[in-house]
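Residue 31 is where the sequence shown starts when you use our numbering, and the numbers rise one by one after that. Backbone N, C-alpha and C define an ideal beta-carbon position, used for all residues, glycine too. Fair warning: this is a prediction, and the values are worked out from it, not measured in the lab. What follows is a short report on a single structure.
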Amino acid sequence: MRLTQLSILLGATLLGAQALAHDFTVGDIHVNHPWSRALPPVAPTGAAYLVLENKGDRTDRLIGAASTIAGRVELHQHIHQDGLMKMQQIDSVEIAPGAQVEFKPGGHHLMLFGLQQPLVEGSSYPMTLSFEHAGEVEVEVMVTGEPAPASPNHDAHSHH
Numbered sequence: 031m032r033l034t035q036l037s038i039l040l041g042a043t044l045l046g047a048q049a050l051a052h053d054f055t056v057g058d059i060h061v062n063h064p065w066s067r068a069l070p071p072v073a074p075t076g077a078a079y080l081v082l083e084n085k086g087d088r089t090d091r092l093i094g095a096a097s098t099i100a101g102r103v104e105l106h107q108h109i110h111q112d113g114l115m116k117m118q119q120i121d122s123v124e125i126a127p128g129a130q131v132e133f134k135p136g137g138h139h140l141m142l143f144g145l146q147q148p149l150v151e152g153s154s155y156p157m158t159l160s161f162e163h164a165g166e167v168e169v170e171v172m173v174t175g176e177p178a179p180a181s182p183n184h185d186a187h188s189h190h
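Shown next as structure tokens:
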């Protein structure tokens, strides 16, 4: 009986560590901690954030994303224009060899339009990321409260 309890405890610990690690790899691209901020149930849009790292020796590009919880997912960035911060859609995000690109509030992000379900803290949802060279990878996006746990450069003034 004691061995069974120890096995259950060990299994739960390993599952918890795996959920916290929350990393995915496709080809030379490493996807670290995809997350979204929890939103009110009536919110029609949301955003996803993550860190992309290129461990290869050639440039790759994130060229698209899709999720079953949204009508569409677009790549976006914030830019300063005419003294204002504006959000704009972009076609791709380049990841140079050895480089990291952080998707964060106030910067690059994945915009979810036509949400099919609310983004509730503690839940998660699937998202497929498409790269020019590495191909596709399905990641699990964790929905967190404010602020996100793995985003030390978090911008609290974001309006997503």
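Whole-Å CB distance - residue i paired with residue j, under 8 Å assumed
i, j, result
"Q111", "H138", "The pair is not a contact, with the Cβ atoms about 16 Å apart (cut-off 8 Å)."
Proximity to residue i [Cα-Cα], best of the options
i, options, result
"F161", "E132, E151, D87, I125", "I125"
"L82", "G76, S153, D53, Q146", "D53"
"G136", "L69, L80, G101", "L80"
"Q147", "E166, A100, G175, M141", "A100"
"L92", "M172, K134, L140, P156", "L140"
"M157", "V171, G57, L105", "V171"
C-alpha distance - residue i paired with residue j, whole-angstrom precision
i, j, result
"A129", "L145", "32 Å"
"V8", "I109", "Here the chain covers residues 31 to 190 and nothing more, so residue 8 does not appear."
"E151", "A73", "14 Å"
"H60", "N84", "6 Å"
"S122", "S154", "25 Å"
"Q118", "N62", "24 Å"
"P70", "D87", "42 Å"
"A78", "P127", "23 Å"
"F143", "G113", "27 Å"
"W65", "R102", "17 Å"
"E19", "R67", "This structure cannot speak to residue 19, because the chain is shown only from 31 to 190."
"T89", "L159", "16 Å"
"T75", "E132", "21 Å"
"L149", "S97", "13 Å"
"L105", "H163", "17 Å"
"G57", "A95", "17 Å"
"K134", "I120", "15 Å"
Where residue i falls, given that 16 or more other Cβ within 10 Å makes a residue buried
i, result
"T55", "exposed"
"P115", "The question names Pro, but residue 115 in the sequence shown is Met. M115 is exposed by the Cβ-count criterion."
"T174", "buried"
Check: residue i C-beta below 7 Å from any heavy atom of the ligand SAH
i, result
"E170", "Among the components modelled here there is no ligand, and therefore nothing to report on the ligand SAH."
In the segment 102 to 135, which residue ranges form an unbroken beta strand (DSSP E) of at least 3 residues, counting only runs that do not cross its ends? The segment 102 to 135 is shown to contain whole beta strand (DSSP E) runs of 3 or more residues at 114 to 119, 123 to 125, 130 to 133, in chain order.
As an exercise, report each continuous alpha helix (DSSP H) stretch of at least 4 residues that is fully enclosed by the segment 65 to 94, in chain order. Qualifying alpha helix (DSSP H) stretches: none in this window.
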